[in-house]
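All remarks here apply to the structure that follows.
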Amino acid sequence: MSKKPIIVFEGIEGSGKSHHINKVSRFLDKNKIKFIKIREPGGNLNSEKIRRLILNKKSNFNKTTDLLLYLAARSENINLIKKAYKKKIILIDRFIDSTIAYQHYGLGVDLKIINIINKFLLKNIKVNFTFLNVVNKKNLFQRLKKRKSLNRYDQFDRSFYYKVQKGFLKLAKSNMKSYKIIDSNLDIKKNEDLIIKQIKKLIQ
Ligand code: TMP
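Every number in my numbering is 1460 more than the matching position in the sequence shown, counting from 1.
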């Protein structure tokens, strides 16, 4: 594996993925290791514009439009990724697994079309490792309630997120070598240590 891997953080709302990606960024900064960090949807200026459009509570696109907008945001991001690919570590807060988990497993969009467009966008770019953060039903409910600014994708019912999480787990289980499942119901500090330990293995 490249010592400048693409490392993705995935998980449903309230699963702690953004907390952990920020911890990893701080660790890399502290050790003066070069990296870029992006989020999806979002990343560059244009992708952030698309993000605002998709997640605005006043938007009411259908699920196919949503898919195409998520992929449009990715298309704008891909140049950032290409530029850094194998030159710097690339940390991504959500990537292709989110599209499969939310749009296919959650909303029922045809998987074939998602795979075709992802392949078209990514070409030879490959994700090296994914941390999948999972959360149980009780904690998910409490964390969703605590979130301050709700966006359009924060407003599904609990069973939707559970369906999405099952989708994520299916993806992880089909390729366990390049996934680590982080149980976010456990001690957060222990999980931070676990992740940093794995990061060191991936980059050294
Ligand atoms: P965030 O809360 O992690 O910033 O993500 C925004 C929302 O976008 C989240 O509910 C997951 C959703 N999403 C998709 O539905 N499909 C995708 O391809 C991506 C990247 C995100």
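Where is the CB? At the ideal position from N, CA and C, for every residue including glycine.
| Query | Result |
| --- | --- |
| Proximity test, L1581 beta-carbon vs ligand 1 heavy atom, cut-off 7 Å | no |
| Reference D1617, options K1464, E1473 and K1583, closest by Cα | E1473 |
| Proximity below 8 Å, CB of V1484 to CB of I1655 | yes |
| Straight-line Cα distance separating S1558 from G1471 | 8 Å |
| 8 Å contact criterion, which I1642 and N1635 should meet: CB distance rounded | Their Cβ separation, rounded to whole angstroms, is 16 Å, which puts I1642 and N1635 out of contact at 8 Å. |
| Near ligand 1: T1590 beta-carbon under 7 Å from a heavy atom | no |
| Backbone CA spacing between L1581 and R1534 [nearest angstrom] | 8 Å |
| Q1563, buried or exposed, once every other Cβ within 10 Å from all chains shown has been counted against 16 | buried |
| Chain D contact for I1550 (CB, 8 Å cutoff) | In the structure shown, chain D does not exist; there is a single protein chain. |
| Of the listed residues I1552, I1466, T1524 and L1513, nearest to I1573 (C-alpha basis) | T1524 |
| L1529 beta carbon less than 8 Å from that of L1513 | yes |
| Backbone CA spacing between L1604 and D1614 [nearest angstrom] | 8 Å |
| Proximity of D1553 and E1500 at Cβ, strictly below 8 Å | yes |
| Extent of the continuous alpha helix (DSSP H) to which K1597 belongs | K1597 to K1606 |
| Beta-bridge partners of V1484, as assigned by DSSP | Per DSSP, none; premise fails for V1484. |
| Closer than 7 Å: L1551 CB and nearest ligand 3 heavy atom | Ligand 3 is not part of this structure, which contains only ligand 1. |
| Proximity test, Q1664 beta-carbon vs ligand 1 heavy atom, cut-off 7 Å | no |
| Ligand 1 heavy atom lying under 7 Å from the CB of S1507 | no |
| The alpha helix (DSSP H) enclosing Y1613, as first and last residue numbers | Segment: none, Y1613 is in no alpha helix (DSSP H) and carries neither H nor E. |
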